[in-house]
Structures are given as structure tokens and as C-alpha cells.
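Structure, as C-alpha cells:
Number of protein chains: 2
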Amino acid sequence: MKSGSDFLLAARLCEIADLEQLARTADLVAIIARFIHALQRERGISNIYLGSLGSRYASERQRQVAECAAAEGEMRSHLATLDTESTHARNGARLFSRVAVVLHALDGLPLLRERIRLQALTAGEATAAFVKLVSGLLSVVFEAADTATDPEVSRALVAMFNFMQGKEFAGQERALGARVFAAGYVDLAGQQHWRHLVESQQGCFQVFADFSSADVRLADQAVQDAAVLGEVERLRRLGCTVGGELDPNLSHDWYRCCTRRIDSMKTVEDLLERNLAQLCRRRIDQARTELQDQRATLDALARPALASGVPHPSFGPHLERSLFAMVQEQSRRLQAMAGELDAVRATLNERKVVERAKGLLMAHRHMSEDDAYKALRQMAMNQGKRLVDVAQAVLSLADVLPAAQR
Amino acid sequence: MKSGSDFLLAARLCEIADLEQLARTADLVAIIARFIHALQRERGISNIYLGSLGSRYASERQRQVAECAAAEGEMRSHLATLDTESTHARNGARLFSRVAVVLHALDGLPLLRERIRLQALTAGEATAAFVKLVSGLLSVVFEAADTATDPEVSRALVAMFNFMQGKEFAGQERALGARVFAAGYVDLAGQQHWRHLVESQQGCFQVFADFSSADVRLADQAVQDAAVLGEVERLRRLGCTVGGELDPNLSHDWYRCCTRRIDSMKTVEDLLERNLAQLCRRRIDQARTELQDQRATLDALARPALASGVPHPSFGPHLERSLFAMVQEQSRRLQAMAGELDAVRATLNERKVVERAKGLLMAHRHMSEDDAYKALRQMAMNQGKRLVDVAQAVLSLADVLPAAQR
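Keeping their order, the protein sequence lines are chains B and G. This note's numbering numbers the first residue of the first sequence as 1 and each following residue consecutively. This note's numbering numbers the first residue of the second sequence as 1001 and each following residue consecutively.
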């Protein structure tokens, strides 16, 4: 028969196992972050290559394709080590399902590159294809953040995910601005899209700041070059706020200062990665020490009882109280952690609401994922509301749709 | 290297493993439900035994103690089969930690019974000890409900938990009413407590009804004897609403009609148990069939490509699209399920909020669990608010407390 003490220790072992799995997940997130960065660079370079009708960045593109392929290989190797036969992974179904979508999409990457090389598609189409790939990879990171069982690690993963997502919006803004300046003209839809990308970045970086430690926030401020930021703002004002006719020569300036900004973000991303890995190790060490302490205490509690011949698990009133305090304390601590975890994960809910509203539009209006997202964004712009509020409205509308339509 | 298809199947295998674990959890919940029912009967019988100064129910109590011990043995055997060495259990840490608290509390049960036999404590004290034991067992069921990864199973577990909790409030009301009638007098605090127990039952049974299928609701209505309910209401009105001097002879009437009501609830509980087990089996079968179908489709997709000598995983544009549809569909389905799951589990949040507020009061005001709960209940009564709203207010207050006090 197992006693309360057995389950006390078993609970701790579960905690350690959860943390060890989180550490592996953190590794995967770091590898995905590197791959996304390589894809973002390839997207930017491909844009210029296509925009210049193949006259510029041809060799840069080849180099970047090689770098990107290496990062992809690293990620695929890591994925191969994930024991897909082991079905115990927390949130395994959703995580693996996201990975399946990504791997499938990556199978199309060689063809995309070939078409870019042959200039068989526009810069806009190439950008859209890369955006989709990165979005799939970010979904894997999102699921990883959503699986965390430790509030501290969960905070770090939420900060990391939001930073990565913000950086991706910055990359999309770079591509959009480069195309708009190169075209020498921006229309209302382009301006709206631009503003949406700027606001989305701000939202992401705000969550990142809220969930980061002071040293990370300081590092983030330190790497940002005020001159670069000033230049980005100046060109944003010209392209996005003033609008109309634009000087095509600004395309290159825009691209250059955005790239410097995004590259400096990579430094922060690397710091976040290292902090996350350290945090996981620290939490594992801590939990292991606590397990040892608990075992030692239980042994000490059991000893006099054994000596006096009283069988386990009756330790006598005094020791009963110590054991009682231990099981109560652990139970309360785990509850408090669950509470904190819920609070941290609530920040992930906004994205989930938008994803679900998108899924609903795709299923019921037979829209593509892109079109569903654009429809939501357009509604938000027209109504002057936040994306998540519009998405919530779409979801609540679904409840009142006649059954036949659902 | 693993392909998208490998992860597509891996996601499905995870889903099946999750469902199989849920089925084992459902077994545990059923066994706990039987043990709680036995404890509730023992509590009632012990109450009358103590209230009659040992003149009544002495042999009934002995029989019930034996029955209860058998149910406890069954639960302990089942817990022993839970692989505590396997640390992969979803939500294992919290679940095992709750089990540790319960097992520890159960170690004190022989002593409690001996003191009851010797009439060394009051009926109120005995009731409080049993209430605490049942509350610990219900916490295990609550954690089990909180671990569910399948929305349908989660709904069934939420219904089951709320029914069990409602039945326990009914048991507490039976004990309180029996004591109050026996004493021949009810004061304001007694009336407030009584009203609280009635309202708590209503809240639980409402959630149970919301989350149950029509056949369960019908079965619930069918087993309720209108005459018994009428008698319960009549005596409630006398004891709880009118108050003041009471006829001590009503104690026996009250106890009898409450017991008939609670025994009929057990029939519904048994039905919920059977439905839950069936549901788990059905969902597992369904997921296995879908896995087979998916494997067959993937084989069919791969075959012509292999025949034509094109290496895996490039299936050609047409088959690419089929595979793409499959991975997209699965990902979307899992997302929709996660959305439903969040909605179902939101109903569990009220209890979590109350638990957390209780924990806060225990930690910062050095209150016992009982006193913390009573303090919350008193605040709710004084302010005419729901328990959960008061608990929420306590939690938000914690955020503004000076750091030194926290």
C-alpha cells in the first residue's frame, strides 16, 4: 500500500519531470528562433532580389539560402530526437500537430526558392509565402509556451514568444515598407496594413516588457540605437502617415535601418534564449534539492517510529503534525503556482481567440487562412476596435448562428 | 529525418494516450465517489450515535464502519496501481499532492472512530472531521476534472464533480439540520450557514444540469421523489427560515427525508459514473479508428509517389494538397477542441479562486483552512455577494498589499 509520503515524493518527481520536459522545449524554441531569423533574412534578401529584377543580392541570396538550410537542418535534427513514439508529452497532440503543419510547409520551400531564383513570382507573393512559414513556426513556439507548468518558466516563454512575434511583425513591416517605397506610392490599404503592423509590434513588445526581468529590459534598451530608431520613425511618418507619392530612393534607406533594428533585436532574442535555458536548469536543480530535503525529513520522521516498533505510517502525534504540515504546504504551493500559471497564460488567450475566430471564418465562410485574418483585421480597422475584440465578437456570433449553418 | 506525416500520426497517438489516461482517471473518480458515499453515511450515523449519547445506531455504526473500510481499501488498492514512479502523468504533481493530503488525513480515521465510539467528542466535532476528509477527496476529483484534455470528457467530469460536491453540501445540510432540530433551537449564525449550504447545493446542481445530457437530467428528475422533496422544503422552512424554538422530534423526520433524498442522488451518481466510463471508451475507439484511417490515407498517398520513384516526402502537387488538407484539418480540430476545453474548464475557475483566496488568508492571517473559509463566507453574507466575488476581491487586495506583508 502506498502512503501519503509516497505520493508527496511522487508529486515532486512529477514536478521535476515536467521541468525537464520544459528544458527540452526551451531548446526547441531556441533552435526555432535561429531558423526564423534566417528565414526573415532570406525573405528580405529575396524581396530585394525580386524587386531589382535579379540585378541585386543574387549572391547574398545564395549565401543566405545555405545559412537558412543549415538552420532548418538543425531544427529537423532536433525534431527527430523528440520521441514521437513517446506519447506522454504534455500537450503533445497540439504541439506535434503544429510541427506536422510546419514540416509539411517546409517541403515546399525548395520549390519556392527555385521560383524566386527564376523570378517567377512577385516580391509580394514571395513575402507572403515566407510570412506563412514563419507564422507556422511561431505557432509551434506558442504551443510550447502554452504547455509550461512552471509559472516562472511560463513567464519567460511568454516573453520570448511575444518578442519573437514582435520581431516578425517588424520584419513584415520592413518588407512592406521596402515594397511601398520602391513602388513610389502608398494607398490607403497599404497605410492601414502598415499601421496594423506597427501597432501589433507595440502590443507584442509591451507584453515582452511586462513579462521580462529588469536586466532583460535594460539590455533591450541598450542594444537599440537611437539614431536607427529615429530614422525608422522618420521614414514611417513619410510612408505610413503622410502617404501618397514617395521617393523610391528611400526604399534602400528604409531597408537598411529596419535591418539594423531587427539585427539588434536578435541580440536580445539570444539573451532571452540563454536566460530561459538557465532558468530551466536552475528550477530543476532547485526541485531536486527540495526532493532530497523532503526525503531526508521523511526518513528522520520515520526513524524514531521504527525504533519504537510502531509500524509505518503512524508516526505519533508530534510527527504526524510535521508530516501534515509538509503535505499541506506542498499542496498549497502547487495551488499557488497553478494560480500564477493561469494568470500568465491568460495573456496567451488573446491569440487563441483570434486563431479560433479565424478557424470559424475558414470553416463557415470557406475562406483561406490569409483571407480570414485580413477580414478580421479589416473589421477591426473599420470599427476602430482591437483585433481580439472583433475576434471575440465573431465567436459570440457563432453561438447564435442557426445550427444548419454551423 | 521525421516528416510531417510522422508528426501527424504522433499527434493522434498523443491524443489516444491522453484519452487512455483519462479513462484511468475516470475509474479513480468512480472509486472515490463510492468511498465518499460510505463516509457520508458513516458521518450521518455517527452523528445520531453521538446525539443520542450512544443509545442509538451503535450496531449500524459498526456495520457502516466496516463498509467504509472496504471502500477505503478499494481506493487504496487503486491508488497503489497508479504508477507513482511514472512521472508522465498529466497534472501529476497537483493530483499526487492532493492524494498525499488525503492519505495522510485517512491515517487519522481509526483514531477518530475510536473517539466517536467512546463519545469523546461532540457530534459537531465529528461532523467537521468527516467534512474535512470528504473535502480532501473532492479535491482529488477536482484535480482529475482539471486534467481532462478532451472537451466531451471534461464536460462529463465537470458535471460529475459538481454533482458530487452538491451531494456533499446536501450531506452537510442533513448533519446541520439534525443537530439544530435536536437542540430545539436555531440561532442567526446557524440559519446563515444553513442558507449557505442550500445555495451552494443549488449552484452545484445548476452546473451539473448545464453540463449533463438530457437523459441524465431526466434520470435525475425521475429518481427525485416529490413527497420527499416537499418534506425537505417544509422542514427547511421551519428550521432555516422561521427559526427560533424548534420541535426536537423533527430531528428524526429531517434526517430520514434527507437520507432518502441523498440515497436517490447516489443512483444518479452511479449513472454519471457509467456514462463517464462509456464516454472514455467511445472516444478512445473513435480516436483509434481515425488513426487507422489516417494511416491508410497516408499509405495511399505515398504509394503512387514511390511507384514513380519520387522519394518521400514529395508526393507531387495533387497529393501534396491532400496531405496539406489533412495536417491543416487536424491542427484546426485540435485548436477548436482546446477552445471548447477552455470554456468548460472556466467553470472550474470559481472554485480555484475561492481556494486561492483561502490559501492567501491562511498564509497572511495565519488562519486555519476552516477559519479562512468561514471568514470568506461571512464576508459574502455580510455584503450580500457571491462567495467567488468576495474571494476575487481578497485576491485583488493581495496585489496592493505592501511587499513586506505579503
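Just so it is clear, CB atoms sit at the ideal spot from N, CA and C, and this is done for glycine as well. These numbers were taken from a predicted model, which means no experiment stands behind them.
Helix, strand or coil: which one does DSSP assign to Tyr185/B? strand
Residues in the same chain with beta-carbon distance under 6 angstroms from Asp1293/G, minus the five sequence neighbours each way, listed in chain order, please. none
Please work out which residues of its chain come closer than 6 angstroms, Cβ to Cβ, to Val122/B, disregarding the five sequence neighbours upstream and downstream, and give them in chain order. A quick correction: the sequence has Thr, not Val, at residue 122/B. For Thr122/B, where only same-chain residues beyond five positions count, there are no Cβ hits under 6 angstroms.
Interface residues of chain B facing Cys1355/G [CB-CB closer than 7 angstroms]: In the sequence on display, residue 1355/G carries Glu and not Cys. The contacting residues are Gln335.
Step through the CB atoms of chain G and report whether any lies within less than 9 angstroms of the CB of Asp6/B. yes
Beta-carbon of Gly230/B versus every beta-carbon of chain G: anything under 9 angstroms? no
Within 9 angstroms of any Cβ in chain B, is that where the Cβ of Leu1323/G sits? yes
For the region 1266–1276 of chain G against the region 1022–1031 of chain G, do three or more pairs of beta-carbon atoms, one drawn from each stretch, fall closer than 8 angstroms, so that the two count as touching? yes
If you measure between the beta carbons of Leu1229/G and Leu1009/G, is that distance less than 9 angstroms? no
Decide yes or no for the touch test of the region 3–23 of chain B against the region 34–51 of chain B: beta carbon pairs closer than 8 angstroms, at least 3 of them. no
Simplified DSSP assignment, three categories, for Gly1177/G: helix
Suppose only complete runs of 4+ residues qualify. What are the alpha helix (DSSP H) ranges in the region 357–390 of chain B, listed by chain order? 369–383
Look up Gly166/B in the DSSP assignment and say whether it is helix, strand or coil. helix
How big is the Cα-Cα spacing for Val1327/G and His104/B? 8 angstroms
Taking 9 angstroms as the CB-CB limit, is Val327/B close to chain G? yes
So the candidates are Arg1282/G, Gln1286/G and Ser1322/G; which of them puts its Cα closest to the Cα of Leu1301/G? Ser1322/G
So which residues on chain B does Ala1015/G lean against when the C-beta distance must stay under 7 angstroms? In the sequence under discussion, the amino acid at residue 1015/G is Glu, which differs from the Ala named in the question. Those are Ala93, listed as they occur along chain B.
At least three beta-carbon pairs within less than 8 angstroms, the region 1009–1018 of chain G to the region 96–103 of chain B: yes
Residue-level contact to chain G via CB, Ala362/B, 9 angstroms cutoff: Residue identity check: residue 362/B is Met in the sequence provided, not Ala. Output row for Met362/B: interface = yes.
Going straight from the alpha carbon of Glu15/B to that of Thr289/B, what length do you get? 12 angstroms
7 angstroms Cβ cut-off: residues of chain G touching His193/B: Near His193/B there are no residues of chain G at all, since even the closest Cβ is about 25 angstroms away, more than 7 angstroms.
Along the chain, where does the alpha helix (DSSP H) containing Tyr1049/G start, and where does it finish? Gly1004 to Gly1051
Do we get a CB-CB distance below 9 angstroms when we pair Pro1313/G with the residues of chain B? Only weak support is given to the placement of Pro1313/G: the predicted model assigns it a pLDDT of 48, under 50, and the value that follows is read from those uncertain coordinates. Closer than 9 angstroms: yes.
So who's on the other strand from Glu245/B, going by DSSP bridges? Tyr185/B
Under a CB-based cut-off of 9 angstroms, is Asp1342/G close to chain B? yes
What does the Cβ neighbour count give for Arg41/B, buried or exposed, with the cut at 16 atoms within 10 Å? buried
Do you know offhand how far His1312/G's Cα is from Lys1002/G's? Its pLDDT being 47, under 50, His1312/G is placed unreliably by the model, and the measurement read from it follows with that caveat. Rounded to the nearest angstrom, the two C-alpha atoms are 11 angstroms apart.
Under the three-state DSSP convention, the category Ala1148/G falls into: coil
According to DSSP, is Phe315/B helix, strand or coil? Note that Phe315/B scores a pLDDT of 49, beneath 50, so its modelled location is shaky and nothing firm can be said.
Residues near Ser1314/G by beta carbon distance below 6 angstroms, same chain, minus five either side: Note that Ser1314/G scores 47 on pLDDT, short of 50, meaning its location in the model is unreliable; the coordinates nonetheless yield the value given after this. Nothing listed; no residue qualifies.
State the Cα-Cα distance for the pair Gly203/B and Asn249/B, rounded to the nearest angstrom. 31 angstroms
Run of the alpha helix (DSSP H) containing Gln62/B, from where it starts to where it stops: Ala58 to Thr81
Three-pair Cβ contact test at 8 angstroms for the region 1150–1162 of chain G versus the region 1201–1219 of chain G: yes
6 angstroms CB neighbourhood of Gly1177/G in its chain, flanking five on each side removed: Gly1239 and Trp1254
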